[in-house]
Amino acid sequence: MGGQRAQVIDEPRGQAAPPGAPVPAGPPPELVFKRRLRPLQVARELWAARELVRALAERDLRARYKQAVLGFAWAVLTPLALCAIFTLVFHRAVKIETGAVPYTLFAYLGLIVWQFFSNTMNQGALSLANNLSLLNKVYCPREVFPLATMLVATVDMVIGVGVLGLMFLVFWTAPAATFLWVVPLLGIQFAFTYGIALILSVAVVYLRDVRHLLPIITQMGVFATPVAYPLAKIPQRLQEVYVGVNPLGAVIEGYRKALLYGEAPDARMTLIAAASSLVFLVGGYLVFKKLETGIADVA
């Protein structure tokens with residue numbers, strides 16, 4: 231008994247496992263944190279935070295146009311200026327043909343969509359970085375910050391649509407009867423834009439160099455997207471791939487056909503754009519939720 235007791239006492243604690251013994255691969259499964267995203271729960275949280283989204287959007291609108299003499303007119307000055315430049319360069323010099331539709335209407339309609347996307351992309355990318363003090367103190371779904379920036383861009387787009395209505399009167403033109411196609415095209419536009427804003431907003435927090443790329447993306451994107459020219463200028467064999475990468479191409483082309491030419495949007499291109507936008511939205515949201523848990527630590 232004494233020898234056995236001495237043997238037990240002298241045995242060191244925590245010694246290495248004997249050769250051949252299985253080595254634990256990690257913590258027990260019940261201790262591993264697994265985040266499950268439930269669509270209905272996510273929708274309820276976003277709906278519960280709707281007042282916060284409205285307050286954030288109102289704050290950004292007030293900050294943007296506070297003490298500005300022209301106020302909300304700035305929302306349309308940029309697309310109008312670009313429209314004038316495009317008319318001189320692409321219509322007069324490059325001879326972009328738009329049929330019986332005035333080129334000014336043709337270009338301005340594309341610029342409204344691009345302005346919405348670029349504003350959401352640029353402001354949404356900085357939405358988390360600019361609100362770190364708030365999101366570290368108050369619990370709320372983090373995705374409300376890029377959503378609020380998209381709401382601000384929507385207000386600017388509505389103002390731009392009002393100017394588009396005035397342009398229809400100036401050119402003695404009326405929207406075509408196929409304007410109802412605007413509804414599904416808006417859904418594609420919003421889904422793609424919000425997905426990109428989610429990805430960029432969390433990317434800026436982890437990699438601050440991304441914010442310096444945004445002006446370059448904006449400047450190149452307005453020419454890489456069929457804003458000043460029709461989608462038909464893209465080679466036929468590349469159009470499907472192009473629309474898959476940039477659904478705004480099919481969205482802008484669809485708006486033009488529905489509002490200006492009285493035609494239904496191309497079904498195949500619209501379906502490709504819808505599928506691509508859904509991938510960007512779901513993928514962007516999953517990336518956002520995967521990385522949002524470390525935002526406070528990185529910032």
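Per this note's numbering: the sequence shown = residues 231 to 529.
Glycine residues also receive a C-beta, built at the ideal position from the N, C-alpha and C atoms.
So residue i and residue j are supposed to be a Cβ contact under 8 Å. How far apart are they, rounded?
i    : j    : result
A337 : T350 : Their Cβ separation, rounded to whole angstroms, is 20 Å, which puts A337 and T350 out of contact at 8 Å.
T379 : A421 : About 16 Å separates the two Cβ atoms, so there is no contact after all.
L436 : P376 : Checking the sequence, you will find Tyr at residue 436 rather than Leu. Not confirmed; about 15 Å, so no contact.
A503 : I418 : 5 Å
L490 : L335 : 6 Å
Pick from the options: whose alpha carbon is nearest that of residue i?
i    : options                : result
L324 : G451, L501, L511, A458 : Sequence check: residue 324 is Val here, not Leu. Here the closest residue by C-alpha is A458.
R438 : R268, R294, A355       : A355
D290 : E373, K367, L381       : L381
T500 : F347, E493, T455, P477 : P477
A406 : R268, R284, G492, R292 : G492
I342 : F320, D386, P376       : D386
L516 : I429, A293, E281       : I429
V374 : V388, G390, I389, Q353 : Q353
L415 : V319, G524, K487       : K487
V455 : Y472, I446, L444, P445 : Checking the displayed sequence, the identity of residue 455 turns out to be Thr instead of Val. Cα-wise, what sits closest to T455 is Y472.
K519 : R372, E470, L489       : R372
L534 : D496, L286, G474       : Outside the modelled stretch of the chain, which goes from 231 to 529, sits residue 534, for which no answer is possible.
G484 : A311, V413, V452, R467 : V413
A480 : P465, V391, D496, Q466 : D496
A303 : W344, L490, I389       : I389
T308 : K463, Q345, M450       : Q345
A383 : A287, E275, A505, R322 : A287
N361 : V283, I326, K296       : V283
V368 : Y333, L310, V400, A279 : A279
G395 : I446, L339, I326       : L339
S348 : Q466, F510, M450       : M450
E470 : P445, R498, I446       : R498
C370 : E275, H321, F510       : E275
I525 : V391, T448, S363       : S363
What residues in its chain sit with their C-beta under 7 Å from that of residue i, if we drop five residues either side in the sequence?
i    : result
A404 : F398
T408 : A488, G492, E493, A494
L312 : L341
F401 : P332, L335
L410 : none
Cβ of residue i less than 7 Å from any chain C Cβ?
i    : result
V343 : Checking the listed chains, one finds no chain C in this structure; it contains a single protein chain.
Apart from the five residues just before and just after residue i, which ones in its own chain have a Cβ nearer than 6 Å to its Cβ?
i    : result
V393 : V306
L521 : V432
G513 : none
I464 : Y472
L461 : G479, E483
V331 : L490
V452 : W344
I446 : none
F510 : F422, G425
I326 : F320, Y459
Hey, quick one: how far does the alpha helix (DSSP H) through residue i stretch, first residue to last?
i    : result
I326 : Run containing I326: none; DSSP gives neither H nor E here.
A440 : Residue 440 is actually Val in this sequence, not Ala. Segment 440–454, the alpha helix (DSSP H) holding V440.
P269 : 269–278
T308 : 304–316
V343 : 333–355
Please return the same chain residues whose Cβ sits closer than 8 Å to the Cβ of residue i, not counting the five positions on each side in sequence.
i    : result
W277 : none
R441 : A355, L356, A359, V434
Q234 : Legend: pLDDT at Q234 = 47, less than 50; position of this residue unreliable, value from coordinates given subsequently. Closer than 8 Å at the Cβ level, and outside the excluded window around Q234, lies no residue.
L310 : Y338, V393
Next on the checklist: At 3 residues or longer, what runs of the beta strand (DSSP E) sit wholly inside the segment 363–416?
Outcome noted: Whole beta strand (DSSP E) segments, 3+ residues: zero.
Item to check | Minimum length 4: unbroken alpha helix (DSSP H) runs contained in the segment 459–524 | outcome: Taking 4 residues as the minimum length, the alpha helix (DSSP H) runs contained wholly in the segment 459–524 are 469–475, 478–486, 497–521, in order along the chain.
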